[in-house]
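A short write-up of the structure that comes next.
There are 2 protein chains.
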Amino acid sequence: MKNLLSVLKIAVPDKIYLKDPETSDLGKRIIEHSILLIHEIGFDNFTFKKLGFKIGSNESSIYRYFESKHKLLLYLSSWYWAWLEYQLVIETFSISESKAKLEKAIEVVTKTIAIDSDFSHINEVILYKIIVNESSKSFLTKEVDTENKEGYFEIYKRLITRLKEMILAIKPEYLFALSLASSILEGGLHQNFLNEHFPSITNCKDGKTTTEFFIHLVENTLK
Amino acid sequence: MKNLLSVLKIAVPDKIYLKDPETSDLGKRIIEHSILLIHEIGFDNFTFKKLGFKIGSNESSIYRYFESKHKLLLYLSSWYWAWLEYQLVIETFSISESKAKLEKAIEVVTKTIAIDSDFSHINEVILYKIIVNESSKSFLTKEVDTENKEGYFEIYKRLITRLKEMILAIKPEYLFALSLASSILEGGLHQNFLNEHFPSITNCKDGKTTTEFFIHLVENTLK
DNA sequence: CTAACATGAAAGTATTACTATTATATTTGC
DNA sequence: GCAAATATAATAGTAATACTTTCATGTTAG
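First to last, the sequence lines map onto chains A and B. According to this note's numbering, the first sequence is numbered sequentially starting from 1. According to this note's numbering, the second sequence is numbered sequentially starting from 1001.
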């Protein structure tokens, strides 16, 4: 996996950025340190000025890569979904039995990311925490419909479609495969959010995992 | 229901506001029109200045009721959860059979609110839309842990606890009752969000409802 | 070696999210 | 019916945000 990703490039919809941050040293430092800074102070308190200060660069230079901090969040989200899609495909590819395949898929998309694959400047453990705490803000806006038309959420939707296919492979007549798929993905993030901030309203803690909860849920639903 | 609510008052944790908006005409107009304005321009674009202009009042007067627009969102969210808790209790109270009770509960918390009960200045149909589109922002902040300790999310957590009890009444040995309860509540909002903005990744549309999806899901999970 | 391009530095703008002060209107308590 | 208390309005002010613009400088490619 590590090897493959050092050859492959995670592709993010190119309308999200003004200049591809992967093409320069400054760009890469913007991505690397924006992840660390958003994690540190939260997306709402994050500004390009503060980021510029952190990487010893100028605010105006960062604006040459991203129109706004919102676009940067879209970039980070898309990058994460693309990375997760890659994990999903690789990890389930060789499994032919439908049930085992879906189980592995649920595991991939609901587990807490705790190990950085370390193939790039992007720390996936911290990025995952940002996804849990901030990614909803990328679509909870008045501009969501326009941005959806522009294709900013394509990877996310494709991921859900892939999950849906695996669900339908088990039970083709199930009428809610898309809803179940989207519930697994967002619900997985949400349970991990609760584990961190509202432990009194989740059971996904103390050794019981979000993955177990969803595997049990899905298995019974498709029985 | 209508009659009862005209006597009862929806109680919101009093640390959320500086002055109870229910105690004055201006306060009520702040609540009434903040709901309309947030729905119109989105929470991110909403300001007390714009609201003041809309209700023919001054920005500084609104600040006497709420410290910040974030506190106002917490107020609206808490009000909605309290209102929903009330609906839940009333509608399930007289049902003794566990399965029917839980089914009714799922219906209450996952259905799209389309009729305003019209007992107050608060338009519940529009408020529901705000909850779907904006309520996550009330807890997706760096201050969530402090605010949780202050008790700002008590009603929300109590609602989930009530749902959990109804789940356990059916299957006491089920290990994920809290996670299932929180998934129903947040998942219900999310499916309705998808229906509005990302219809390609949900089945809760074209006559198939979010409620049906969750009733089927829960019934099979607890079988 | 020069033209193109990337980055940096500085200044400017409109808006936001408040706070503070003072004035005026309304209510209430006696 | 009047003074005191309270609520609201008007105005101004502040620091920060979310950018944009301009110009200078350094670097790189043909």
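Note that CB positions come from ideal geometry on N, CA and C, so glycine has one too.
Interface residues of chain B facing residue i [CB-CB closer than 8 Å]
i: residue 68 of chain A; result: Under the 8 Å cutoff, chain B gives no residues; its nearest Cβ is about 12 Å from residue 68 of chain A.
i: residue 134 of chain A; result: 1140
i: residue 221 of chain A; result: 1216, 1217, 1220, 1221
i: residue 41 of chain A; result: 1142
i: residue 129 of chain A; result: Chain B residues near residue 129 of chain A: none, gap ~12 Å exceeds 8 Å.
Residue i in three-state terms, based on DSSP
i: residue 1002 of chain B; result: Note that residue 1002 of chain B has pLDDT 48, beneath the 50 cutoff, so the model's placement of it is unreliable and no number is given.
i: residue 1162 of chain B; result: helix
i: residue 80 of chain A; result: helix
i: residue 1114 of chain B; result: coil
i: residue 1177 of chain B; result: helix
i: residue 97 of chain A; result: coil
i: residue 1054 of chain B; result: helix
i: residue 1128 of chain B; result: helix
i: residue 1029 of chain B; result: helix
i: residue 48 of chain A; result: helix
i: residue 86 of chain A; result: helix
i: residue 1067 of chain B; result: coil
i: residue 1187 of chain B; result: helix
i: residue 1192 of chain B; result: helix
i: residue 1036 of chain B; result: helix
i: residue 222 of chain A; result: coil
i: residue 1137 of chain B; result: helix
i: residue 1150 of chain B; result: coil
i: residue 214 of chain A; result: helix
i: residue 108 of chain A; result: helix
i: residue 1182 of chain B; result: helix
i: residue 61 of chain A; result: helix
i: residue 75 of chain A; result: helix
i: residue 120 of chain A; result: coil
Chain B contact residues for residue i, given Cβ-Cβ distances below 9 Å
i: residue 49 of chain A; result: Those within 9 Å of residue 49 of chain A in chain B number zero; the least Cβ separation is about 18 Å.
Expected contact under 8 Å - CB spacing of residue i and residue j to nearest Å
i: residue 19 of chain A; j: residue 27 of chain A; result: 7 Å
i: residue 201 of chain A; j: residue 1167 of chain B; result: With a Cβ gap of about 13 Å, residue 201 of chain A and residue 1167 of chain B do not count as contacting.
i: residue 45 of chain A; j: residue 1142 of chain B; result: 7 Å
i: residue 21 of chain A; j: residue 35 of chain A; result: About 12 Å; that fails the 8 Å criterion.
i: residue 1217 of chain B; j: residue 1171 of chain B; result: The pair is not a contact, with the Cβ atoms about 14 Å apart (cut-off 8 Å).
i: residue 187 of chain A; j: residue 1135 of chain B; result: Not confirmed; about 16 Å, so no contact.
i: residue 1158 of chain B; j: residue 1085 of chain B; result: 7 Å
Selected residue, minimal CA-CA separation from residue i, among the options
i: residue 1072 of chain B; options: B:1166, B:1162, B:1012; result: B:1012
i: residue 1117 of chain B; options: B:1094, B:1110, B:1125; result: B:1125
i: residue 1127 of chain B; options: B:1032, B:1009, B:1110, B:1174; result: B:1032
i: residue 88 of chain A; options: A:50, A:213, A:155; result: A:155
i: residue 1112 of chain B; options: B:1099, B:1094, B:1133; result: B:1133
i: residue 38 of chain A; options: A:62, A:69, A:24; result: A:69
i: residue 9 of chain A; options: A:40, A:76, A:83; result: A:83
i: residue 1102 of chain B; options: B:1197, B:1185, B:1198; result: B:1185
i: residue 224 of chain A; options: A:94, A:151, A:114; result: With chain A represented from 1 up to 223, any question about residue 224 of chain A goes unanswered, as that position is not in the structure.
i: residue 1211 of chain B; options: B:1140, B:1192, B:1198; result: B:1192
i: residue 1049 of chain B; options: B:1059, B:1042, B:1041; result: B:1059
i: residue 108 of chain A; options: A:197, A:163, A:176; result: A:163
i: residue 1139 of chain B; options: A:78, A:190, A:110, A:147; result: A:190
i: residue 1130 of chain B; options: B:1042, B:1199, B:1023; result: B:1042
Residues that residue i contacts on chain A, provided the C-beta gap is smaller than 9 Å
i: residue 1192 of chain B; result: Per Cβ cutoff of 9 Å: no residues; residue 1192 of chain B is ~11 Å from chain A at best.
i: residue 1176 of chain B; result: 202, 203, 204, 208, 212, 213, 216, 217
i: residue 1093 of chain B; result: Here the premise fails: no neighbours, minimum Cβ distance about 23 Å.
Partner residues on chain A for residue i, Cβ-Cβ distance less than 7 Å
i: residue 1084 of chain B; result: In chain order: nothing, as chain A lies at least about 15 Å away.
i: residue 1187 of chain B; result: 183, 187
i: residue 1045 of chain B; result: 142
i: residue 1151 of chain B; result: The contacting residues do not exist; residue 1151 of chain B stays about 13 Å from chain A at best.
i: residue 1148 of chain B; result: 197, 198
i: residue 1028 of chain B; result: Result: empty, since nearest Cβ-Cβ is about 26 Å, beyond 7 Å.
Within chain B, the residues that residue i reaches when beta carbons sit closer than 7 Å
i: residue 19 of chain A; result: In chain order: nothing, as chain B lies at least about 26 Å away.
i: residue 104 of chain A; result: None at all; the shortest Cβ gap to chain B is about 20 Å.
i: residue 111 of chain A; result: In chain order: nothing, as chain B lies at least about 15 Å away.
Interface partners of residue i on chain A, CB under 8 Å
i: residue 1160 of chain B; result: 201
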